[in-house]
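*Asks:* Have a look at the structure that comes next, please.
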Amino acid sequence: MNTGEFARLCGVEKRTLFHYDEIGRLQPAAVKENGYRIYHPEQLYDMDMIKIFQASGYTLAQIKALLQTDRDGRSACLREAETRLDAQIQALSNMKTYLRSKQTFLDEYQSRPPEGGCRRPCAFSYRLRELEPSPQPHVFNFLSDGLYTSFVMKRDGSVRLCQITEDGPCRKEGTALVFFLEISVVEPNLPQLIQDKLQQFDFDGEDLWFVEDLQHFLVPDPSTALLKITVFSAR
């Protein structure tokens, strides 16, 4: 088959095949006198391997080098590529979970009761991560912190990262008050704001508050932060 046909089957542009030929990564099976490149169907498998290794993080130069190694070297590269892909699959799964949590946040906010808060039965498992002492407040970030979609704040203002999960070592259940706060992003006194809300709702809650935030680019007013607060009743 010619270059155009082979490129179409591979899902790449012809110039990609020209580049692979130039660097010796995937050369045509034959070249006619008029310069037309001819590829064999079996070379589709070569393209499959190139794409898989690229997806696992290998460069074209590394792919070319690994094909020049012995059988043991190639076997080791296959195992390494599988490990890399597993890590990417987990990372993508975490991103999907994170996005789903933000969509749930938005859905709840848009359908919140007129009075702004509701008492409801609530139960979930979670795990916490201690934060290193720092003079600067911690900026919560999915890319640096991982799949921690919430944080836990105590009445004294101390915080820890929180991951809501099905199999966390900690569990909360009972009646909880859930409400939203729209606050200024400029040094808000969050513990006091939460306590004021608890008093407004006449809710005797625990000193442990679960807080989830919505990223600025999802909030119409960039000077405002939107928080979802979950507080379980005191026992």
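In numbering that gives the first Met the number 0, the protein residues as written are 0 to 234.
We put the CB at the ideal spot given by N, CA and C, even for glycine.
Could you check what DSSP says for Leu43 in three-state terms: helix, strand or coil?
*Replies:* helix
*Asks:* Determine the closest residue to Phe101 out of Thr223, Ile228, Leu217, Arg234, with distance taken between C-alpha atoms.
*Replies:* Reading off the sequence shown, one finds Lys at residue 101, where the question assumed Phe. For the residues Thr223, Ile228, Leu217, Arg234, the minimum Cα distance to Lys101 belongs to Leu217.
*Asks:* Helix, strand or coil: which one does DSSP assign to Gln109?
*Replies:* helix
*Asks:* In this structure, how does DSSP classify Pro190 when only helix, strand and coil are distinguished?
*Replies:* helix
*Asks:* In the DSSP output, what is Phe5 paired with across the bridge?
*Replies:* According to DSSP, Phe5 bridges with nothing at all.
*Asks:* Looking at the unbroken alpha helix (DSSP H) that takes in Ala60, where does it start and where does it end?
*Replies:* 59-65
*Asks:* What does DSSP give as the partner residues of Met152 in its beta bridges?
*Replies:* Val158, Trp208
*Asks:* In the structure shown, what three-state DSSP assignment does Arg24 receive?
*Replies:* coil
*Asks:* Under 8 angstroms, do Ser232 and Asp201 count as touching if we go by C-beta distance?
*Replies:* no
*Asks:* Bridge partners of Gly116, per DSSP?
*Replies:* Phe178
*Asks:* With H, G and I counted as helix, E and B as strand and the rest as coil, what does DSSP make of Phe141?
*Replies:* helix
*Asks:* Using 10 angstroms around the beta-carbon of Pro27, count the other beta-carbons present and answer buried if the total reaches 16, otherwise exposed.
*Replies:* buried
*Asks:* Please determine if the stretch 138-150 and the stretch 171-185 are in contact, where contact requires at least 3 C-beta pairs separated by less than 8 angstroms.
*Replies:* no
*Asks:* What number of angstroms, rounded off, separates the C-alpha of Met46 from the C-alpha of Gln109?
*Replies:* Cα atoms of Met46 and Gln109: separation of roughly 48 angstroms, rounded to the nearest angstrom.
*Asks:* Which value, in whole angstroms, describes the spacing of the CA atoms of Ala224 and Leu213?
*Replies:* When the Cα atoms are used, Ala224 and Leu213 turn out to be separated by approximately 7 angstroms.
*Asks:* Taking the beta carbon of Phe209 as the centre, do at least 16 other beta carbons fall within 10 Å, making it buried, or is it exposed?
*Replies:* Using a 10 angstroms sphere on the CB of Phe209, the tally of other CB atoms reaches 16 or more, which defines it as buried.
*Asks:* Which residues in the same chain as Arg24 place their Cβ atom closer than 6 angstroms to its Cβ, once the five residues preceding and following it in sequence are excluded?
*Replies:* Leu59, Lys63
*Asks:* To which residues of the same chain is Glu165 closer than 7 angstroms at the C-beta, ignoring the five residues directly before and after it?
*Replies:* So the list reads Ser124, once near-sequence residues are dropped.
*Asks:* Could you give the residue range of the beta strand (DSSP E) that holds Lys227?
*Replies:* 223-232
*Asks:* For Asp319, which option in Glu205, Pro113, Arg119 has the closest C-alpha, if you only look at C-alpha atoms?
*Replies:* Outside the shown range of the chain, which is 0 to 234, sits residue 319, and nothing can be said about it.
*Asks:* Which residues does DSSP list as the beta-bridge partners of Gly173?
*Replies:* Cys121
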